[in-house]
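So the structure is just underneath, and the comments pick up after that.
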Amino acid sequence: MTTPATTPPPPRVLATPAALVLVDELKAQHGPALMFHQSGGCCDNSAANCLLPGEITMGPGDVLLGEIGGCPFYISRSLYQTWAHTQLIVDVIEGQGGSFSLEGGTGKAFHTRSRVFSAEEFAALGALG
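Residues in the sequence shown are numbered from 110 upward in steps of one, following this note's numbering.
In structure tokens form, the structure reads like this:
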């Protein structure tokens, strides 16, 4: 008897091709060790910030959602609890990037969109704990 194939859970965070190009540009300029953090706070912290390791102190309230462009992507626990039912999609828009984020001054800014997981996707994510 065979067991039914299970669909792997979807990633909690992913990046558009435009975001991946910008990540590669920032890696070329700043080195390969970059990270993302989205806290949901005021000012620039309401957007995904691209940072060098050590530029932000990670705390027990930060959740590793996954990676984009080979870079870890963290989110504050309070924001994670609000958005747990959604997949975050990091994109790029034209305009002034955040002053805390490495793309600031490039004329581009990371922008987070989201979509609600289907019931099946959310169940698969729940099975992971």
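In this text, a Cβ means the ideal position worked out from N, Cα and C, and glycines have one as well.
All of these numbers come straight from a predicted model, not from anything done at the bench.
Would you call the segment 198 to 206 in contact with the segment 168 to 176, where contact means no fewer than 3 C-beta pairs closer than 8 Å? no
Please classify Leu143 as buried or exposed, where buried requires at least 16 other C-beta atoms within 10 Å of its C-beta. buried
Check the C-beta distance from Gln196 over to Ser223 and give it rounded, since I have them as a contact under 8 Å. 6 Å
Give me the Cβ distance between Leu211 and Leu135, rounded to the nearest whole Å; I'm assuming they're in contact under 8 Å. 5 Å
Please confirm whether Val199 and Tyr183 have their CB atoms less than 8 Å apart. no
Using alpha carbons as the reference points, say which of Val132, Pro119, Thr125 lies closest to Gly213. Val132
Is Ser223 helix, strand or coil when you go by DSSP? strand
Taking the C-alpha atoms as reference points, what is the distance between Cys180 and Asn158? 12 Å
Inter-residue spacing [alpha-carbon to alpha-carbon] between Thr116 and Ala193: 19 Å
Identify every run of the alpha helix (DSSP H) within the segment 173 to 205, keeping only runs that are complete inside it and at least 4 residues long; order them along the chain. 186 to 192
How far does the beta strand (DSSP E) with Ala124 in it extend, from its first residue to its last? 122 to 124
According to DSSP, which residues form a beta bridge with Lys217? Glu203
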